[in-house]
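Everything on this sheet refers to the single structure shown next.
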Amino acid sequence: MFKTIISKILQMIIVLFVLTTITFILMKLSPGNPVNKILHLDTSQVSQSQIKATEHQLGLDHSLLSQWWHWFSQLLHLNLGTSYQTGAPVSKEIMNYIVPTLIITFGTLILSMLVSIPLGVIAAINYHKTLDKMIRVLTSLSVSLPSFFIGLILLFIFNQKLNVLPTSEDGSIAAYILPIITMSVGMCAYYIRLIRSNLLEQYRSPVVEASRLRGMSERYILFHDIFKPTLIPIIPLLGLSVGSLIGGTVVIENLFDIPGLGYFLVDSIKSRDYPVIQGCVLFIGFFVVIINTIADITTLFIDPKQRYNRSAKTNIFNFAHLRNYKKEGDDHEV
Numbered sequence: 105m106f107k108t109i110i111s112k113i114l115q116m117i118i119v120l121f122v123l124t125t126i127t128f129i130l131m132k133l134s135p136g137n138p139v140n141k142i143l144h145l146d147t148s149q150v151s152q153s154q155i156k157a158t159e160h161q162l163g164l165d166h167s168l169l170s171q172w173w174h175w176f177s178q179l180l181h182l183n184l185g186t187s188y189q190t191g192a193p194v195s196k197e198i199m200n201y202i203v204p205t206l207i208i209t210f211g212t213l214i215l216s217m218l219v220s221i222p223l224g225v226i227a228a229i230n231y232h233k234t235l236d237k238m239i240r241v242l243t244s245l246s247v248s249l250p251s252f253f254i255g256l257i258l259l260f261i262f263n264q265k266l267n268v269l270p271t272s273e274d275g276s277i278a279a280y281i282l283p284i285i286t287m288s289v290g291m292c293a294y295y296i297r298l299i300r301s302n303l304l305e306q307y308r309s310p311v312v313e314a315s316r317l318r319g320m321s322e323r324y325i326l327f328h329d330i331f332k333p334t335l336i337p338i339i340p341l342l343g344l345s346v347g348s349l350i351g352g353t354v355v356i357e358n359l360f361d362i363p364g365l366g367y368f369l370v371d372s373i374k375s376r377d378y379p380v381i382q383g384c385v386l387f388i389g390f391f392v393v394i395i396n397t398i399a400d401i402t403t404l405f406i407d408p409k410q411r412y413n414r415s416a417k418t419n420i421f422n423f424a425h426l427r428n429y430k431k432e433g434d435d436h437e438v
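Residue 343 in my numbering sits at position 239 of the sequence shown, and the numbers go up by one each step.
This is how it looks when you write it as structure tokens:
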């Protein structure tokens, strides 16, 4: 277990380093100059000396390697830099925008599980019946529709026509209902199909037949041999879903005008605010990797089979794989 945790931490450091370095290089090599946005060169007359002075102040007149090292050395001191546009620390700017994104992300996770688990069970119980077919049709339709299209439909119906749900302008928690529902539709469809498939597979497994032969009660078989093996593999998938949800908030927050991290990131990309872009990518990457690590470790604690498999892979003195080994000539009759 300790080796697994250390391995996860090392993987997290490597992933974050590669992610932030690639982001830094891509932003520096992309066309455009943040000085143009800062000095408003498209609407005002600015002397060449002012442009040079601004570039020197921001460190943009140094080589790419020098700029990267300056940024990385700041990062080692937990300093994400300063925004070109506001002059405020990037970490403070991120904290100002992160709460709406977290509300949408975890609200979507909770709603998706509350809907997916019961519907997945209902579909499995009614296998190949009318109810199962209806659920499968709805999930197929939900998966095929992009989230922004679903958001536009919900926005038109509930905000424009019925006027029953507010927008982000009033600052109430009700403004998050439509964004959460929008992001939950596709996620629910995926997990309903997954839970249904896993339940049917577990129901037909030899473990269930063996428990019945041993005289175990149906309640024990249902929760211990069917539900538990079905739900445990979903835990690490939830960690992966966090990454896709945070990526999805970039579109949803701009669609519903929610002042979250995705909204802030798009605005920073438009203004070429390099420190903010790099800080947002680093923060999102760190958050996603942490959630995935927690999900994996939680799975190890819950599922003994996973602990055994991990320890077997890292144990050089493990000979379990030799049980199925047959020497040459063993299959021939003497």
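Just so it is clear, CB atoms sit at the ideal spot from N, CA and C, and this is done for glycine as well.
A quick note: this is a predicted structure, and the numbers were derived from the prediction, not measured.
Compute the beta-carbon to beta-carbon distance between residue i and residue j, rounded to the nearest angstrom, for a pair I have assumed lies under 8 Å.
| i | j | result |
| --- | --- | --- |
| residue 379 | residue 185 | 4 Å |
| residue 404 | residue 108 | 6 Å |
| residue 88 | residue 299 | Because residue 88 is not part of the residues shown, which for the chain are 105 to 438, the question remains open. |
| residue 344 | residue 284 | Actually they do not touch by this definition, with Cβ atoms about 19 Å apart. |
| residue 256 | residue 263 | Not a contact, Cβ separation roughly 11 Å. |
Take the Cβ of residue i as the centre, count every other Cβ of all protein chains shown within 10 Å, and call the residue buried at 16 or more, exposed below.
| i | result |
| --- | --- |
| residue 286 | buried |
| residue 313 | exposed |
| residue 175 | buried |
| residue 204 | buried |
| residue 450 | The shown model of the chain, from 105 to 438, leaves out residue 450, and the question about it has no answer. |
| residue 192 | exposed |
| residue 329 | buried |
| residue 387 | buried |
| residue 319 | exposed |
| residue 372 | buried |
Grouping DSSP H, G and I as helix and E and B as strand, with all else coil, what is residue i?
| i | result |
| --- | --- |
| residue 333 | helix |
| residue 193 | strand |
| residue 417 | Since pLDDT at residue 417 reaches only 49, below the 50 mark, its modelled position is unreliable, and the value read off the structure follows with that caveat. Note: residue 417 maps to helix in three-state DSSP. |
| residue 266 | coil |
| residue 233 | coil |
Tell me which residue opens and which closes the alpha helix (DSSP H) that residue i is part of.
| i | result |
| --- | --- |
| residue 318 | From DSSP, residue 318 is part of no alpha helix (DSSP H); its letter is neither H nor E. |
| residue 367 | 365 to 374 |
| residue 397 | 378 to 406 |
| residue 350 | 338 to 359 |
| residue 250 | Where residue 250 is concerned, there is no enclosing alpha helix (DSSP H), given that its DSSP letter is neither H nor E. |
| residue 113 | 106 to 133 |
| residue 297 | 281 to 307 |
| residue 186 | From DSSP, residue 186 is part of no alpha helix (DSSP H); its letter is neither H nor E. |
| residue 277 | It is not in any alpha helix (DSSP H) - residue 277 carries neither H nor E in the DSSP assignment. |
| residue 160 | 152 to 162 |
Within a Cβ cutoff of 8 Å, which residues of the same chain sit near residue i, ignoring the five residues on either side of it in sequence?
| i | result |
| --- | --- |
| residue 113 | 397 |
| residue 197 | 187, 190, 368, 380 and 383 |
| residue 316 | 325 |
Within a Cβ cutoff of 7 Å, which residues of the same chain sit near residue i, ignoring the five residues on either side of it in sequence?
| i | result |
| --- | --- |
| residue 121 | none |
| residue 355 | 251 and 252 |
| residue 290 | 246, 247 and 251 |
Given residue i, which residues of its chain have a CB within under 6 Å of its CB, disregarding the five upstream and five downstream residues?
| i | result |
| --- | --- |
| residue 347 | 392 |
| residue 302 | 334 |
| residue 236 | 227 and 230 |
Report yes or no: is there a C-beta of chain B within less than 8 Å of the C-beta of residue i?
| i | result |
| --- | --- |
| residue 217 | Looking for chain B here will not work: only one protein chain is present. |
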